[in-house]
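Just below is one structure, and these are the notes that go with it.
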Amino acid sequence: MTGSFAALAPVIPTPHIEYGQLSPMLLVFGAAIVGVLVEAFAPRSLRRSLHLALTLGSLAGAFVLTIVIATSSTLFAGGSAGHIAAMGAVAVDRPTLFIQGTILVLAFISVLLIAESSHDVSAFAAQAAAVPGSPEEREGLLAGISHTEVYPLTLFAIGGMLLFPASNDLLTMFVALEVLSLPLYLLSGLARRRRLLSQEAAMKYFLLGAFSSAFFLFGIAMLYGFSGSVKLGAIAAAASGNTASSVLLYAGIALIGVGLLFKIGAVPFQSWKPDVYQGSPTPVTALMASCTLVSAFGALLRVFYVAFGQLTWDWRPAMWAVAIVTMLGGAIIAITQTDVKRLLAYSSIAQAGYILTGVIAATTAGLSSSMFYLAAYGIATIGAFAIVTLIRDPGGEAGHLSSWAGLGKRSPLVAGTFAFFLIAFAGIPLTSGFSSKFAVFQAAAASGGLPLVIIGVISSAIIAFPYVRVIVLMFFSEPAPDGPIVVRPSAYTSLAVGVGVLATLVLGFIPEPLLRLAHDAAAQLFVR
Amino acid sequence: MTGSLAATLVRPAMALTTLPAVGAQHAAWLLLAFPAFGAIVLLLGGKRTNAWGHLLGVAMALGAFVVGVLAFVQMLGYPASQRSRDLHLYSWIPVAHFQVSIGLLLDPLSICFVLLITGVGSLIHIYAIGYMSHDPERRRFFGYLNLFITAMLLLVLSDNYVGLYAGWEGVGLASYLLIGFWQYKPSAAVAAKKAFIANRVGDVGLSLAIMAMFATFGSVSFTGVFGAVGGASHGVTTAIGLLLLLGATGKSAQLPLQSWLLDAMEGPTPVSALIHAATMVTAGVYLIVRSAPIFNLAPDARLAVAIVGAVTLLFGAIIGCAKDDIKKALAGSTMSQIGYMMLAAGLGPIGYALAIAHLLAHGFFKAGLFLGAGSIKHSMNDEVDMRRFGGLATVMKITFVTFGFAYLAIIGIPPFSGFFTKDPIIDAAYSRGGVSGALLGTAALLGAGITAFYMTRIMLMTFTGKRRWEDAAHPHEVGPVMTSPMIILAIGSLGAGGFLMISNRLINFLAPVVGTPPLSHGFFTPLSFLSLALVVVGGALAWAMYGRREVPVTAPHGNPITVAARKDLYGDAFNESVLMRPGQWLARLSVFFDNRGVDGLVNTLAATLGGTSGRMRKVQTGFVRSYALSMLVGAVLLIGALLLVRL
């Protein structure tokens, strides 16, 4: 059927788009564009609720569509690994669908945090263009307005995140990278409180992001020079048949790697992460720490498994080194952090290192355990950031750890929940942190990465210290006299925290269903 | 002579074969469910459960004990070869090559622990009703105790290493919560943190051992690992054995991870009795004995276990001699006694059962000692300095007698427990033969003498001599809810050792799991007379120093050994200079490189104080440039690494 259409086209072949298979992404992008119209035409009083319905509705709809595609009998008929849609630009296969489904669930929960408005009006600035400290800013704050553009911006970013791991050629991947990054640069500068810090974070993120994009683009050029194509499959074919000089190929791998490792925050490309996580509005930080990480790992997995799949032995040593310094660097530097968001940022860096050990395995077990880890960690980290939004002082969120002292006495439930997330991040058994670490380390050990596993276990022992320091601080210290208040969360935040706790517990006790899903999704690796 | 016998007659444990559990054993999950239910109700129930919380806690511990006894009776009905029963609970991870199921293993080894944990645990629960009666947080305390019982039972009942690890972390968690139970004392918070850190280092060993097992044998279940261990190389079994030993040293407070146990005495005394004397700290011994099939094939790792045990038994005993805090003196003694168990376990098949026998006997007499110390502390206004005790024998008669029974048991006077369980360990160490056997045996023998010294010192300083009480203290005998557990434990101190060891009762019972050691040559050997003589010498020396002379209320300066022992033989100083300082230095260095030294400070300062826009701008440009530079360097290194691989 598809062939005959193409044959009928006279001169320029009409691009053939499989709308059905791309529908989750199309729905999210479509909703984003409608969101812009809402921003332009809907009355201010209605805007927030319209945006919210549109955003949450489109994310839920996209998730349902993802499930429909994943269970479709025609797409995976006859043991097919999947389909390459949109003229070879987008791959639709099971790992991608798993990753996209994960992103959609995590994005839904993050949007709940973004929508929180009961305390302090909202996390976002009234007018981003107003100079911090200026009369305009004060007017906006007093009027109680806040940017509702965050919703369409978030949707654009999520659309890019969905496309990023699905891209089957490097140019599409680059476009997706920019589509997901640009809204995030903006969003991270929109914090209502501590605007200077927020704007500084946005600026840093933008400059360094642009820098890393340049590396990525340069890598594409190198690989194009080597193989004459930007398609991942063609690069793989050229690499496996290659006997001649391959400086272009290896430099290309390294430069593409830099771009992707920057997004996941691996050492030595991690420097943006603490600053940006700290400065951004916390709901945006939660979005970045969960969805962006999943998306970037999805893209990393695809590129290294599909395009460089036959070169495992060549890129493994370098990636080993990156994983080792990431695991150790993140854990060691976390020890001296005094700000809770920076602590969580370094924790996220170390976690990225653990997931890298699964990626490096380059097996189905490596793929499935990495995907499981991403889902489990993503949900827990949103919950942890959600707790951060609740601890407030007159200046906004009380990020400095000294003000968390004695929180366990003032608000045992909130402190206990945060302690639970920290315990999960430390990988204590019967939490998702343990089952996911166990899974990636097992995959790494099974493919000859025992030294990596040893470093990983040591790193997770080191990073337990800062976690336990926070727990000790919360439960064993006297509360400061003018300490922060703990706001009562609205239904949105409560839901995000509740889902995080529940998922962390369930995935610790009964990881089987999700692990099996990831395992089945990874069984045939990516479509080529 | 005996050494060669030991080498030839020993039949090592066979690969584990299990049958499914039926009957009362099929309900063994209740062992975990009862205390878990108690913990959940008490910790989540809040203040509503204050009135009856402690009773629920006791009932759940007793319920688990009853289930344990039923399972034990049923086990005795089976022939020896069919006593290992497996109860599959559910598949934790059942994906393709990655199978981990959660199941319970009921066999002679685990049932010993179940009875000890639930039996002694129930007694200590009952005691705690009285001990914690004035504490407003008593309900939370019982919740933690139930949580501990659940985790400890999971540790000893799991039929695989992952379940064991889950229990291992669980008891650790319960232990920190209980050490830091009196949060308002800063020393308690510090002690909890220290316990966490030492255990963390040990846990690295255990988790690496589990990973290594998975990588080598493709399984983490006991059946899978022990079935395949015969095919593993010597290097692999030795490595796994040493990693397991590292795990054991953390949990069991053995060198070099011993320092946390002395500080752990900050917790309420029932906790010290249950967790830091009778049960949790013996988990390391359980781990070694359970992993017997691995250690049987790793003689070097076994020797390391024995050396750690021997050194710790002397180390702990010396510390015990110098402490004036009664609980800390007893904590030193716990380290020392666990050292005996580790030494026995390190001797291999001739020692595994002896280690367990001493562990069980120790559970009774050490819990008895701690409960006695607790009742003294309870009635003396929380005083723990023995220099402030004296002459308590007449005012606290029951405590004196029960404490005295435990005292006779620990120093090994026949017919009390310790005589039957400690002397065979000394005997077995000598029978190892060679220089190492002589050294290990002599260490154990010397330890017996030192034990007699410090225990007699405690007895004399506490119960005899002039009354050196603070004015506010009015010591009195405690109520029956506290004395009755002490009486039961005293009976155990008297009879447990003989019951377990005479006619090799426990050794035969454990034989299907840990192998059959050679027949022992009776209890009244020349060696045991020598050991008794040393005990008498140690006791007499203590009497000469503390019984005949008056005990000064402020400690005299003492000789260098005493000074060193008071400082835990510089355990903390060692940790600080070897572990902590380089760690801090490394962290500072990395932060320096990461942020050019002041980023964290400046940023947080700026964030907290608002900061000035000018300074922010300056900070901002500088940092992006340096961040970009670090990225560039990273990229160059990455390209270089990839190209180098190709060259």
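Just so you know, the sequences run in chain order L and Z. Residue numbering for the first sequence follows the working numbering, beginning at 1 and increasing consecutively. Residue numbering for the second sequence follows the working numbering, beginning at 529 and increasing consecutively. By construction, the Cβ of each residue, glycine as well, lies at the ideal position given by its N, Cα and C atoms. What you are looking at is a predicted structure, and each value in this text was computed from that prediction instead of being measured.
Give a yes or no on whether 7 Å exceeds the smallest Cβ distance from glutamine 711 of chain Z to chain L. In the second sequence, residue 711 of chain Z corresponds to position 183, counting from 1. So, interface residue.
Determine the DSSP secondary structure at asparagine 1131 of chain Z, reduced to helix, strand or coil. Your numbering for residue 1131 of chain Z matches position 603 in the second sequence. For asparagine 1131 of chain Z, the predicted model reports a pLDDT of 40, less than 50, meaning its position is unreliable and no value from the coordinates is stated.
Going by the DSSP bridge assignment, what does histidine 616 of chain Z pair with across the sheet? The residue labelled residue 616 of chain Z in the question sits at position 88 within the second sequence. Beta-bridge annotation (DSSP): histidine 616 of chain Z is paired with Z/Gly631.
Check leucine 547 of chain Z in the structure and name its three-state DSSP category. In the second sequence, counting from the first residue as 1, residue 547 of chain Z sits at position 19. Residue state, collapsed to three classes: strand.
For alanine 91 of chain L, which residues does DSSP report across the bridge? What you label residue 91 of chain L is simply residue 91 of the first sequence in a count that begins at 1. Paired residues: L/Ile84.
Using alpha carbons as the reference points, say which of Z/Gly551, Z/Phe641 and Z/Thr646 lies closest to valine 594 of chain Z. If you number the second sequence from 1, residue 594 of chain Z lands on position 66. When each option's Cα is compared against that of valine 594 of chain Z, the closest is Z/Thr646.
Give me the DSSP bridge partner(s) of glutamate 397 of chain L. Mapped onto the first sequence, residue 397 of chain L falls at position 397. Glutamate 397 of chain L is bridged to L/Arg392.
Give the DSSP-derived three-state secondary structure of lysine 851 of chain Z in the structure shown. Working through the second sequence from its first residue, we reach residue 851 of chain Z at position 323. It is coil, neither helix nor strand.
Residue nearest to valine 1152 of chain Z in terms of C-alpha spacing, selected from L/Ser271, L/Ile382, L/Glu136 and L/Ser122: The sequence position of residue 1152 of chain Z within the second sequence is 624, counting from 1. When L/Ser271, L/Ile382, L/Glu136 and L/Ser122 are compared, the shortest CA-CA separation from valine 1152 of chain Z is found for L/Ser271.
Tyrosine 1176 of chain Z CB to nearest chain L CB: under 7 Å? There is simply no residue 1176 of chain Z to check, as chain Z begins at 529 and stops at 1175 in what is shown.
For methionine 25 of chain L, I'd like the list of residues in its chain whose CB is within less than 7 Å of its CB, leaving aside the five on either flank, ordered along the chain. One-based indexing of the first sequence puts residue 25 of chain L at position 25. Excluding residues within five positions, the ones whose Cβ falls inside 7 Å are Gly159, Leu162 and Leu163.
Alpha carbon of leucine 27 of chain L to alpha carbon of valine 497 of chain L, nearest angstrom: Here residue 27 of chain L refers to the residue found at position 27 when the first sequence is read from its first residue. Here residue 497 of chain L refers to the residue found at position 497 when the first sequence is read from its first residue. Cα to Cα, the separation comes out at about 27 Å.
Straight-line Cα distance separating glycine 708 of chain Z from glycine 406 of chain L: In the first sequence, counting from the first residue as 1, residue 406 of chain L sits at position 406. In the second sequence, counting from the first residue as 1, residue 708 of chain Z sits at position 180. Each residue's alpha carbon lies about 14 Å from the other.
Determine contact between the segment 885 to 902 of chain Z and the segment 1011 to 1027 of chain Z, defined as no fewer than three beta-carbon pairs at a distance below 8 Å. Flag = yes, the segment 885 to 902 of chain Z and the segment 1011 to 1027 of chain Z touch.
Residue burial classification, glycine 57 of chain L (beta-carbon count within 10 angstroms, cutoff 16): Within the first sequence, the letter at position 57 stands for residue 57 of chain L. Classification of glycine 57 of chain L: exposed, given that the 10 Å Cβ count is below 16.
Does any C-beta atom of chain Z lie closer than 7 Å to the C-beta of glutamine 442 of chain L? To locate residue 442 of chain L, count along the first sequence from 1; it is residue 442. Output row for glutamine 442 of chain L: interface = yes.
CB aspartate 635 of chain Z to CB valine 1041 of chain Z, shorter than 7 Å? On the second sequence, residue 635 of chain Z is found 107 positions in, with the first residue counted as 1. On the second sequence, residue 1041 of chain Z is found 513 positions in, with the first residue counted as 1. Valine 1041 of chain Z is positioned such that its CB atom lies closer than 7 Å to that of aspartate 635 of chain Z.
When you compare only the Cα positions, how much space is there between methionine 983 of chain Z and isoleucine 939 of chain Z? Residue 983 of chain Z sits at position 455 when you count from the first residue of the second sequence. Residue 939 of chain Z sits at position 411 when you count from the first residue of the second sequence. So the alpha carbons of these two residues sit roughly 7 Å apart.
Cross-strand partners of valine 486 of chain L (DSSP beta bridge): Translated into the one-based positions of the first sequence, residue 486 of chain L becomes position 486. For valine 486 of chain L, DSSP records a beta bridge to L/Ile391.
Would you mind telling me which residues of chain Z sit closer than 7 Å to valine 303 of chain L, beta carbon to beta carbon, in chain order? Looking up residue 303 of chain L in the first sequence gives position 303. Going along chain Z, no residue has its Cβ under 7 Å from valine 303 of chain L, so there is no contact; the nearest lies around 14 Å.
Below-7 Å beta-carbon distance, proline 412 of chain L vs any chain Z residue: Walking along the first sequence from the start, residue 412 of chain L turns up at place 412. With 7 Å as the cut-off, proline 412 of chain L does not count as an interface residue toward chain Z.
Below 8 Å, how does it come out for the segment 703 to 720 of chain Z and the segment 585 to 603 of chain Z: are there three or more Cβ pairs, yes or no? By the criterion of at least three beta-carbon pairs nearer than 8 Å, the segment 703 to 720 of chain Z is not in contact with the segment 585 to 603 of chain Z.
For isoleucine 510 of chain L, report the span of its alpha helix (DSSP H) as first-last. Working through the first sequence from its first residue, we reach residue 510 of chain L at position 510. Where isoleucine 510 of chain L is concerned, there is no enclosing alpha helix (DSSP H), given that its DSSP letter is neither H nor E.
Give the interface partners of glycine 708 of chain Z over in chain L, defined as CB-CB distance under 9 Å, in chain order. Indexing the second sequence from 1 puts residue 708 of chain Z at position 180. For a Cβ distance threshold of 9 Å, residue set Val472, Phe475 and Phe476 of chain L lies close to glycine 708 of chain Z, ordered along the chain.
Examine the Cβ distances between the segment 661 to 674 of chain Z and the segment 571 to 584 of chain Z and report whether three or more of them are shorter than 8 Å. Three or more pairs of CB atoms, one per stretch, sit closer than 8 Å, so the segment 661 to 674 of chain Z contacts the segment 571 to 584 of chain Z.
Got a sec? Which residues, its chain only, sit under 6 Å from alanine 191 of chain L by beta carbon, not counting five neighbours each side? Position 191 of the first sequence, counting from 1, holds the residue named residue 191 of chain L. For alanine 191 of chain L, same chain residues with a beta-carbon under 6 Å away, outside a window of 5 residues either side, are Ser198 and Pro281 in chain order.
Alpha carbon to alpha carbon, how far is alanine 850 of chain Z from tyrosine 1074 of chain Z? The residue you call residue 850 of chain Z lines up with position 322 of the second sequence. The residue you call residue 1074 of chain Z lines up with position 546 of the second sequence. Answer to the nearest angstrom: the Cα atoms are 12 Å apart.
Give me the chain L residues within the contact set of proline 622 of chain Z, using Cβ-Cβ distance strictly less than 7 Å, ordered along the chain. What you label residue 622 of chain Z is simply residue 94 of the second sequence in a count that begins at 1. Against chain L, a Cβ distance below 7 Å from proline 622 of chain Z picks out Glu512.
Using a Cβ-Cβ distance cut-off of 7 Å, determine whether methionine 1 of chain L contacts chain Z. Working through the first sequence from its first residue, we reach residue 1 of chain L at position 1. Reliability of the predicted coordinates at methionine 1 of chain L is poor, the pLDDT of 46 falling under 50, and the value obtained from them is presented with this limitation in mind. No, methionine 1 of chain L does not count as interfacial toward chain Z.
Enclosing alpha helix (DSSP H) for asparagine 824 of chain Z [first to last residue]: Here the question's residue 824 of chain Z lines up with position 296 in the second sequence. Residue range 820 to 824 is occupied by the alpha helix (DSSP H) that includes asparagine 824 of chain Z.
Just to check my reading of the structure: phenylalanine 425 of chain L and leucine 515 of chain L have Cβ atoms closer than 8 Å, yes? What is that Cβ distance to the nearest angstrom? Taking the first sequence and counting its residues from 1, one reaches residue 425 of chain L at position 425. Taking the first sequence and counting its residues from 1, one reaches residue 515 of chain L at position 515. Rounded to the nearest angstrom, the Cβ distance from phenylalanine 425 of chain L to leucine 515 of chain L is 19 Å, too far for a contact under 8 Å.
Reference asparagine 688 of chain Z, options Z/Thr751, Z/Tyr659 and Z/Leu706, closest by Cα: Counting from one through the second sequence, the residue named residue 688 of chain Z turns up at place 160. Put simply, of Z/Thr751, Z/Tyr659 and Z/Leu706 the residue whose alpha carbon is nearest the alpha carbon of asparagine 688 of chain Z is Z/Thr751.
Please confirm if the segment 786 to 801 of chain Z is in contact with the segment 751 to 769 of chain Z, defined as three or more CB-CB distances below 8 Å between the two stretches. With a cut-off of 8 Å on Cβ pairs, the segment 786 to 801 of chain Z is not in contact with the segment 751 to 769 of chain Z, counting fewer than three such pairs.
Whose C-alpha, out of Z/Val628, Z/Leu632 and Z/Ile986, is nearest the C-alpha of alanine 549 of chain Z? If you number the second sequence from 1, residue 549 of chain Z lands on position 21. Measuring C-alpha to C-alpha distances from alanine 549 of chain Z to each of Z/Val628, Z/Leu632 and Z/Ile986 identifies Z/Leu632 as the nearest.
Enclosing alpha helix (DSSP H) for leucine 26 of chain L [first to last residue]: Here residue 26 of chain L corresponds to residue number 26 of the first sequence, with the count starting at 1. Per DSSP, the continuous alpha helix (DSSP H) segment holding leucine 26 of chain L begins and ends at 19 to 41.
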